[in-house]
Every structure is written in structure tokens, then in C-alpha cells.
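Numbering (full-length UniProt numbering), first residue to last: 1 to 390. All residues carry an ideal CB built from backbone N, CA and C; glycine is no exception. Input: a single structure, listed below in C-alpha cells.
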């Protein structure tokens, strides 16, 4: 690493290590509670709740899946909702209010055409909102239970109509996700009864806060990265970008000779490869927060990570670089498919004494990336088993 007068120079390894550290998936950085994980990374993508829980595990130490459901339920410290780009995320409950107020207006405008396609005019939308509000006054309900109430009220509630009405109610701030039932069913509650008061951020202040939190969790990153990840678009974020840079809250840097990157001020001055191994779940933040994937995924393996159809594979990450993919097979064992070697099956859940995958299969070709220790891979596999079983 070198520092110029104004711009910090980072080679690909340095940029990758810093980005993995920011995301809490490298540099031996792990939090000790679900709220602490989210405080560090702001949001975890959660269209698949099990995958989101595994994403929290990968950033934590000693967490269990029960801890995640406790945070979503009785503790009310974390909430699931439609935020950046209209995608489901887990976010700290105390941030849900201002995030919704910032992001929902655009999402609602973009949904208007779909409402019309479903035959939901102003009268139907208003009736749906009244039904949801009245029904949730009795306590948490699933979407199917809300759909039944809609039908009772004379509203046609087949197909995607209940989903869009419930999502609209959440974007309006009436409803939000509540506790998860024992059978895994998501429930909805009245937001005013469930969430803490909004932080009061709005307008430009809210954009700046979202940008600051994004860079803390994703830096080094570019303004295009943030505009795409947030869904706000470049025109809406350029002012906040300049404001943070001018206030000395970010540090400009050049990654692999490419300009336009910044880091949050006050971060680590540099990191060395430690062989930090993480098994990240499908749809993990580390793979969706950037417009350019080359720092974290070798281009020749793009199709293994993004196979198509909107799918994002679960990945084996070593010092911030994706070195393979993984899945749980029919026996619930973890099966590794390493890029630089033949596929390995590791059945830590079923065979505790099974040998770990051969670390030689991951001999690093990229500068600054070490091959993982076999024990580190096996420890991650065993930790997934512990997390899900506890």
C-alpha cells in the first residue's frame, strides 16, 4: 500500500481485504450478537430467511439460529422489510423507520403499474389497507390469514394480490414483519405497536446517513456502487457523496489503478492476509453490494456464483476472495465445490470425524490470498451445523 498526497493507492489484494473487513467477513472480524452484526453491516439481504440467518452467523461468533428468531421476535431488535431496491432485508429495528421513509416513496411509485395490472384501483387499495389495519389490531397474522380477511370483506384476494397489498401496507408504514412462528411462517404486525420511533432523519440527511453506513460496511466502494445498491440512482446520491468527501468523513482511494473509490475515514490503515475462511450463504451482501465483482470473484467463475435466474450461490470465501461454492446435500452434509480443485463433500453434521477438505485444492493464484487451512474450512462447516442445531 502507498499513500499519495490526496489519494490512497490500493492493489487488488489490499482493496479486497479492506472490503471483506468492512463487511465483517474477513480480517478475523466477528461480532458477538445479532444486533452487533447488523450495527456493523447495516443490512443483510433476506428474501431467504434461512440464508439471512446464515449470513449473520458468518459475521458472528457463537450465534445460533434461535438468536436470530429471538431478535426478530421477543427482543424486537431486528426487523425484516422491503428496503434497498425493494428487496427484503434484515435491518436494526431502530433504523427501519427512517429507511422506510427514505426508500418507500420511490418503491410505491414503481408499483403503481403492477397495481393496475392486478385490478387494484384506489377503492381496492383503500379497502385492502383498512382490512389489514383492522385485522392486525388483533395481533400477528400470516399473509394467508390476512388474505382470508380480505376475502371476507369482499375483496378479490387471489394470486399475487395479497402479497402486493401487504407489501404496500408495509411501505406505507402501517404494517411490518413480526415474529416468525414455530412452523417458519412469517407474520405481520402493526408497525406502530412493534417498531421504535423513527430516528427523525429525512431528505438529504437520510441519504447521507445511508451513504455513511453503506461505506462503513462496504468500503472501498464507488458512488455507482452506492447508487445501485440503494436503488436511489446517481442523481439522488451525488450531493451526499460530495458532502461526506468534503467533510473529511471519507478517504479517496484508487483500487488496482481505478479511480473513484472511497473508504470511510478512520478505518484500518492496512490488513494482511490471514487465511480467514467464511462460508457465506446464498444471496449474501458481500456479493450484491457492488457494480464491479472482480475484486471478490474471479471473472472466470462468475457463472458458478451467479448461475442465472436471479440465483446467487453460497460461496467459500478466503481473505475476501471467492474460492468455491457450497451447498447442503440431501443428507444435510455440507458439500464444497472448490474452483481450484475437484469437488469435495464434507459431512461434518453426520460424520464428526470426517477428514477436512484438502487445503491444497485452494492454492491461491491471486496475489495476497493464502490457501485456507483445512482446519479452518472444517471449523466453518462444523459451525454451520452448530448454528442450525442449537
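Cβ neighbour criterion (16 or more within 10 Å) applied to residue 247: Mapped onto the chain shown, residue 247 falls at position 247. For residue 247, the number of other beta carbons within 10 angstroms of its own is below 16, and it is reported as exposed.
By how many angstroms is the C-alpha of residue 289 removed from the C-alpha of residue 55? Counted from its first residue, the chain shown places residue 55 at position 55. Counted from its first residue, the chain shown places residue 289 at position 289. Between the alpha carbons of residue 55 and residue 289 lies a gap of roughly 14 Å.
Length-filtered (3 minimum) beta strand (DSSP E) runs lying within the region 72-125: Counting only runs of 3 or more, we get 78-82, 88-92.
Could you name the residues of the same chain whose beta carbon sits closer than 7 Å to that of residue 160, not counting the 5 residues immediately before and after it, in chain order? Mapped onto the chain shown, residue 160 falls at position 160. Counting only Cβ-Cβ distances below 7 Å, and skipping sequence neighbours, we find 118.
In whole angstroms, give me the CA-to-CA distance for residue 283 and residue 26. Position 283 of the chain shown holds residue 283. Position 26 of the chain shown holds residue 26. Their backbone Cα atoms lie some 18 Å apart in a straight line.
Determine the closest residue to residue 224 out of 329, 305, 241, 208, with distance taken between C-alpha atoms. Stepping through the chain shown from its first residue, residue 224 is reached at position 224. Restricting attention to 329, 305, 241, 208, the CA atom closest to the CA of residue 224 is found in 241.
With a Cβ-Cβ cutoff of 9 Å, do residue 220 and residue 18 count as a contact? Within the chain shown, numbered from 1, the residue matching residue 220 stands at position 220. Within the chain shown, numbered from 1, the residue matching residue 18 stands at position 18. Residue 18 is positioned such that its CB atom lies closer than 9 Å to that of residue 220.
For residue 204 and residue 156, the rounded distance between their alpha carbons: Looking up residue 156 in the chain shown gives position 156. Looking up residue 204 in the chain shown gives position 204. Distance between the alpha carbons of residue 156 and residue 204 is about 40 Å.
For the region 33-48 and the region 143-158, state whether three or more C-beta atom pairs, one from each stretch, are separated by less than 8 Å. The region 33-48 vs the region 143-158: no contact.
Taking the alpha-carbon positions, what's the residue 235 to residue 141 distance? To locate residue 235, count along the chain shown from 1; it is residue 235. To locate residue 141, count along the chain shown from 1; it is residue 141. Just so you know, the alpha carbons of residue 235 and residue 141 end up roughly 39 Å apart.
Going by the beta-carbon positions, is the gap between residue 261 and residue 216 smaller than 9 Å? Taking the first residue of the chain shown as 1, we reach residue 261 at position 261. Taking the first residue of the chain shown as 1, we reach residue 216 at position 216. Cβ atoms of residue 261 and residue 216: not closer than 9 Å.
Burial state of residue 380 (16 or more Cβ within 10 Å): Position 380 of the chain shown, counting from 1, holds the residue named residue 380. For residue 380, the number of other beta carbons within 10 angstroms of its own is at least 16, and it is reported as buried.
Between the alpha carbons of residue 116 and residue 389, how many angstroms are there, rounded? Looking up residue 116 in the chain shown gives position 116. Looking up residue 389 in the chain shown gives position 389. Whole-angstrom Cα-Cα distance: 45 Å.
Between 88, 165, 85, which lies nearest to residue 124 when the distance is taken from Cα to Cα? Translated into the one-based positions of the chain shown, residue 124 becomes position 124. Of the candidates 88, 165, 85, the one whose C-alpha sits nearest the C-alpha of residue 124 is 165.
For the putative contact between residue 79 and residue 96, defined by C-beta atoms under 8 Å, what is the C-beta separation to the nearest angstrom? Locating residue 79 in the chain shown gives position 79, counting from the first residue. Locating residue 96 in the chain shown gives position 96, counting from the first residue. Right, the Cβ-Cβ distance comes to about 5 Å (below 8 Å), so this counts as a contact.
Expressed to the nearest angstrom, what Euclidean distance is found between the alpha-carbon atoms of residue 278 and residue 377? The residue labelled residue 278 in the question sits at position 278 within the chain shown. The residue labelled residue 377 in the question sits at position 377 within the chain shown. Cα to Cα, the separation comes out at about 8 Å.
Taking just the CA atoms, how far does residue 329 sit from residue 207? As a first step, residue 207 must be located in the chain shown, where it is residue number 207. As a first step, residue 329 must be located in the chain shown, where it is residue number 329. When rounded, the distance between both Cα atoms is 42 Å.
Going by DSSP, what residue range makes up the beta strand (DSSP E) through residue 317? Against the chain shown, residue 317 aligns to sequence position 317. Boundaries of the beta strand (DSSP E) around residue 317: 314-318.
Using a threshold of 9 Å, state whether the C-beta atoms of residue 179 and residue 189 are closer than that. On the chain shown, residue 179 is found 179 positions in, with the first residue counted as 1. On the chain shown, residue 189 is found 189 positions in, with the first residue counted as 1. Residue 179 is a Cβ neighbour of residue 189, given a cutoff of 9 Å.
Ordered along the chain, which non-local residues of its own chain (more than five positions away) have a Cβ less than 7 Å from that of residue 265? For the purposes of this step, residue 265 is taken as residue 265 along the chain shown, with counting starting at 1. So the qualifying residues of the chain are 248, 249, 250, 251.
So, with DSSP's three-state summary, where would you put residue 3? Here residue 3 is taken as the residue at index 3 of the chain shown, counted from 1. Any reading at residue 3 needs caution, since the residue's pLDDT is 46, under 50, leaving its predicted position unreliable; the model's value is listed next. Under the three-state reduction of DSSP, residue 3 is assigned to strand.
Taking all protein chains shown into account, do 16 or more other C-beta atoms lie within 10 angstroms of the C-beta of residue 15, making it buried, or fewer, making it exposed? Numbered from its first residue, the chain shown carries residue 15 at position 15. So residue 15 counts as buried.
Residue 261 lies in the beta strand (DSSP E); which residues open and close that run? Translated into the one-based positions of the chain shown, residue 261 becomes position 261. Where residue 261 is concerned, the enclosing beta strand (DSSP E) stretches over 258-264.
Beta-carbon contacts of residue 244 that lie in its chain and below 7 Å, excluding the five residues immediately before and after: Your numbering for residue 244 matches position 244 in the chain shown. Result list for residue 244: 208, 211, 212, 250, in chain order.
Nearest-angstrom Cα separation, counted from residue 316 out to residue 297: Mapped onto the chain shown, residue 297 falls at position 297. Mapped onto the chain shown, residue 316 falls at position 316. Whole-angstrom Cα-Cα distance: 11 Å.
Compute the Euclidean distance between the alpha carbons of residue 29 and residue 327, then round it to the nearest angstrom. Sequence index remark: in the chain shown, residue 29 carries index 29 (1-based). Sequence index remark: in the chain shown, residue 327 carries index 327 (1-based). Near 24 Å, if we compare the C-alpha coordinates of residue 327 and residue 29.
Work out the CA separation of residue 144 and residue 83 for me, nearest whole Å. Residue numbering aside, residue 83 sits at position 83 when the chain shown is read from its first letter. Residue numbering aside, residue 144 sits at position 144 when the chain shown is read from its first letter. A straight-line Cα-Cα distance of about 22 Å links residue 83 and residue 144.
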